[in-house]
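In our numbering, the protein residues as written are 2 to 406. Ideal Cβ positions, reconstructed from N, Cα and C, are used throughout, including at glycine. First up is the structure itself, then whatever we jot down about it.
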Amino acid sequence: MRKLLLSASVVALAVPGAAHADPYIAISGGVATAENVTNNGVTTADIDATTIGAYPAIPSGTGYSFETNADLGWNVGGQIGYAFDGGLRIELEGSYVAYDLEYHRDLRIGGVLIEDPDANILTRGAFTGTSVGELLADATGDVESIGAFLNILYDFDLGSVSPYIGAGAGIYAIDVDYAPGGVSVVNDADTTFAYQGIVGLSGNLGENTELFAEYKYRRLFDEAALDNILLPATLETDPVQHLGSIGIRFFLGGDAPVVPPVVVEPPRQVTPPVVAPRPVQPTQPTVQPCETGPYIVFFDWDESTITPEAANVLNSAVSAYSNCGTARVMLAGHADRSGSTQYNVGLSQRRNAAVQQYLTGRGIPAARIMSEAFGESQNRVPTADGVRELQNRRVEVTYGPGSGM
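See below:
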């Protein structure tokens, strides 16, 4: 696990734009199974001939094999990772897989198929009344796996959904229990390296939450080496696992818009010159200048609702308009690049409409307001396609000459 964490850190540092990465966590679960696996081994000592049934001796070094079929099982996993600009994701995954066995078959010893003889050819005891084939068909037992993987994935942004592909490698522990007919053959575990291929589809549930479904093809780099406890023999197995899962991914926040600090200089003390008194002139009314803006309001991701922060900005804009006479008002709506171009233009129009409704509700004539939706074409902060950026989700309000054109 320490090696996986170090590898993840090195990869993250090597990725351009890592400063814009969004951290996330995820949980998932679903079904699991495995392909038919051929178990292989060799005897490690001479096995004496039997007096019951007159089965011959089996010399040390004799090879044997049999096939195992897996039943449908289940899997559960957890992920923690980073999503970078442009669709790249890197994550650490913990995984647990378990499934029962359906049957064993086709036992071969020294290349000879053993089906019809009594099972005491294996137990080397009294007659059991059960053939080897019948014993193997009753495949009591299970396989459990637990591991940690480093995955690299790529998301294809299609708007509301994002298909993705990926691959991973890591450490995998396999715990095998073979007990056909209640006869314990293997009850052992081995830890080795494994790899996996990943395909999936993500969909947005909210600004920081995604629902995803994915398939994993998982296999060992090397066969798991186990001990045969029925006979003095080794056993190697190489299960190929298939996992189907659904899960929820939680993003842990993004970058907030950077607002430059306002620096207020202290007032300077000026000694007024001594002048002769002048005749008192009538006081002229002070004319406040028209503050033309822009007044910029930001929106939550994929939303056109006026937030409390946006309402404060618009209230200031309404107050300033009282000094602008009948000046025209221009609304320029924008979106970030996390959706399609057409969708983002429509989203910009909805944001303009929300701002216009707010302004007209506070006394600014609708006839003086014009709007234009720019979608993702004029980003305030340049980003790659598919990136969620708060400063690009905005409407800019301006007053005065040239506005509304």
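What separation, rounded to the nearest whole angstrom, lies between the Cα atoms of E241 and R106?
-> Counted from its first residue, the sequence shown places residue 241 at position 240. Counted from its first residue, the sequence shown places residue 106 at position 105. First, the residue type needs correcting, since residue 241 is Val and not Glu in the sequence shown. For V241 and R106, the distance between alpha carbons rounds to 18 Å.
Simplified DSSP state of N188, which is helix, strand or coil | As a position in the sequence shown, residue 188 is number 187, starting the count at 1. In the structure shown, the three-state DSSP call for N188 is strand.
Take G294 as the anchor and find which of V398, I230, N37, V186 has the nearest alpha-carbon.
-> Here residue 294 corresponds to residue number 293 of the sequence shown, with the count starting at 1. Among V398, I230, N37, V186, the Cα nearest to that of G294 belongs to V398.
Have a look at the DSSP bridge pairing and note the partners of Y196.
-> In the sequence shown, residue 196 corresponds to position 195, counting from 1. Y196 is bridged to A170, R220.
Which residue comes first and which comes last in the beta strand (DSSP E) that contains I230?
-> As a working note, residue 230 is residue 229 in the sequence shown. Element bounds for I230: n/a, residue is neither H nor E.
Euclidean distance between Cα positions of G171 and A99 | By 1-based counting over the sequence shown, the position of residue 171 is 170. By 1-based counting over the sequence shown, the position of residue 99 is 98. Between the alpha carbons of G171 and A99 lies a distance of about 18 Å.
Selection from I147, G201, D228, G148 that minimises the alpha carbon distance to S185 = For the purposes of this step, residue 185 is taken as the residue at position 184 of the sequence shown. Minimum Cα distance to S185 is reached at D228.
Backbone secondary structure at D117 - three-state DSSP = Counting from one through the sequence shown, the residue named residue 117 turns up at place 116. Reduced to three states, the DSSP call for D117 is coil.
Go to A318, then tell me how far its alpha helix (DSSP H) extends in each direction, as first and last residue.
-> The residue labelled residue 318 in the question sits at position 317 within the sequence shown. If you look at A318, you'll find it in the alpha helix (DSSP H) that goes 309 to 322.
Starting from the Cα of S341, find the closest Cα among N353, D158, L93 and give me that residue.
-> Here residue 341 is taken as the residue at index 340 of the sequence shown, counted from 1. When each option's Cα is compared against that of S341, the closest is D158.
Using 7 Å as the limit for Cβ to Cβ distance, is N205 near chain C?
-> Of the protein chains in the structure, only one exists, and it is not chain C.
Can you name the start and end residues of the alpha helix (DSSP H) that Q343 belongs to?
-> By one-based count along the sequence shown, residue 343 stands at place 342. For Q343, the enclosing alpha helix (DSSP H) stretches over residues 342 to 361.
Does the distance from the CB of T192 to the CB of V43 come in under 7 Å?
-> Indexing the sequence shown from 1 puts residue 192 at position 191. Indexing the sequence shown from 1 puts residue 43 at position 42. The criterion of a C-beta distance shorter than 7 Å is not satisfied by T192 and V43.
So, using beta-carbon positions, are R352 and G334 closer together than 7 Å?
-> Residue numbering aside, residue 352 sits at position 351 when the sequence shown is read from its first letter. Residue numbering aside, residue 334 sits at position 333 when the sequence shown is read from its first letter. Contact flag set, yes.
Who are E68's beta bridge partners in DSSP?
-> Working through the sequence shown from its first residue, we reach residue 68 at position 67. Per DSSP, T39, R106.
Do three or more CB pairs link the region 76 to 93 to the region 125 to 142 at distances below 8 Å?
-> No: the two stretches stay apart, fewer than three of their Cβ pairs being nearer than 8 Å.
May I ask which residues mark the beginning and end of the beta strand (DSSP E) holding E145?
-> Stepping through the sequence shown from its first residue, residue 145 is reached at position 144. Looking at the DSSP string, the run of the beta strand (DSSP E) that includes E145 is 142 to 156.
Beta-carbon proximity of V382 to R338, cut-off 7 Å = For the purposes of this step, residue 382 is taken as the residue at position 381 of the sequence shown. For the purposes of this step, residue 338 is taken as the residue at position 337 of the sequence shown. Between V382 and R338, the CB-CB gap reaches or exceeds 7 Å.
Give the secondary structure of E373 by DSSP, where H, G and I count as helix, E and B as strand, and everything else as coil.
-> For the purposes of this step, residue 373 is taken as residue 372 along the sequence shown, with counting starting at 1. Correct three-state label for E373: strand.
Between the CA atoms of T141 and G111 - distance to the nearest angstrom | By 1-based counting over the sequence shown, the position of residue 111 is 110. By 1-based counting over the sequence shown, the position of residue 141 is 140. Taking the straight line joining both Cα atoms gives about 25 Å.
Own chain, CB closer than 8 Å to G204, minus 5 neighbours either side, in chain order = The residue labelled residue 204 in the question sits at position 203 within the sequence shown. Excluding positions up to five away in sequence, the list reads S161, V162, S163, E211, L212, F213.
Cβ pair E94, G74 closer than 7 Å | Position 93 of the sequence shown holds residue 94. Position 73 of the sequence shown holds residue 74. No, the Cβ-Cβ distance between E94 and G74 is not below 7 Å.
Which two residues bound the contiguous beta strand (DSSP E) that contains V388?
-> Taking the first residue of the sequence shown as 1, we reach residue 388 at position 387. Where V388 is concerned, there is no enclosing beta strand (DSSP E), because DSSP gives it neither an H nor an E.
Is it buried or exposed for D223, if we count other Cβ within 10 angstroms and need 16 for buried?
-> Within the sequence shown, numbered from 1, the residue matching residue 223 stands at position 222. The residue is exposed, with fewer than 16 neighbouring Cβ atoms inside 10 Å.
Look at the alpha carbon of L102 and the alpha carbon of Y25, and state the distance between them as a whole number of angstroms.
-> Mapped onto the sequence shown, residue 102 falls at position 101. Mapped onto the sequence shown, residue 25 falls at position 24. Going from the Cα of L102 to the Cα of Y25 covers about 36 Å.
Secondary structure at Q289, three-state DSSP: helix, strand or coil?
-> Counted from its first residue, the sequence shown places residue 289 at position 288. The answer is coil: DSSP assigns Q289 none of H, G, I, E or B.
Answer with buried or exposed for S323, where buried requires no fewer than 16 other C-beta atoms within 10 angstroms of its C-beta.
-> Within the sequence shown, the letter at position 322 stands for residue 323. Burial call: exposed.
So what does DSSP say about P181, is it helix, strand or coil?
-> By 1-based counting over the sequence shown, the position of residue 181 is 180. DSSP places P181 in helix when its eight states are reduced to three.
Span of the beta strand (DSSP E) holding E397?
-> The sequence position of residue 397 within the sequence shown is 396, counting from 1. First-last of the beta strand (DSSP E) with E397: 395 to 400.
In whole angstroms, what separates the C-alpha of P258 from that of Q392?
-> Within the sequence shown, the letter at position 257 stands for residue 258. Within the sequence shown, the letter at position 391 stands for residue 392. Its pLDDT being 40, under 50, P258 is placed unreliably by the model, and the measurement read from it follows with that caveat. Each residue's alpha carbon lies about 5 Å from the other.
Nonlocal neighbours in the same chain, by C-beta distance under 6 Å from E237, ignoring five residues either side = On the sequence shown, position 236 is the one that residue 237 refers to. Setting aside the 5 residues that flank it on each side, E237 is surrounded in the same chain by N41, E224, A226, each with a C-beta closer than 6 Å to its C-beta; the list follows chain order.
So who's on the other strand from Q242, going by DSSP bridges?
-> Position 241 of the sequence shown, counting from 1, holds the residue named residue 242. Partner(s): A35, R219.
When you compare only the Cα positions, how much space is there between P181 and H21?
-> One-based indexing of the sequence shown puts residue 181 at position 180. One-based indexing of the sequence shown puts residue 21 at position 20. Cα-Cα distance, rounded: 55 Å.
Closer than 6 Å: E310 CB and nearest the ligand PLP heavy atom = In terms of ligand content, the structure shown is empty, and the ligand PLP therefore cannot be addressed.
Could you pull out every residue in the same chain whose Cβ sits closer than 6 Å to the Cβ of A120, ignoring the five residues on either side in sequence?
-> On the sequence shown, residue 120 is found 119 positions in, with the first residue counted as 1. T129, T131, V133, L136, listed in sequence order.
Any idea which residues DSSP pairs Q80 with across the strands?
-> Within the sequence shown, numbered from 1, the residue matching residue 80 stands at position 79. For Q80, which the question treats as bridged, DSSP gives the partners A27, E94.
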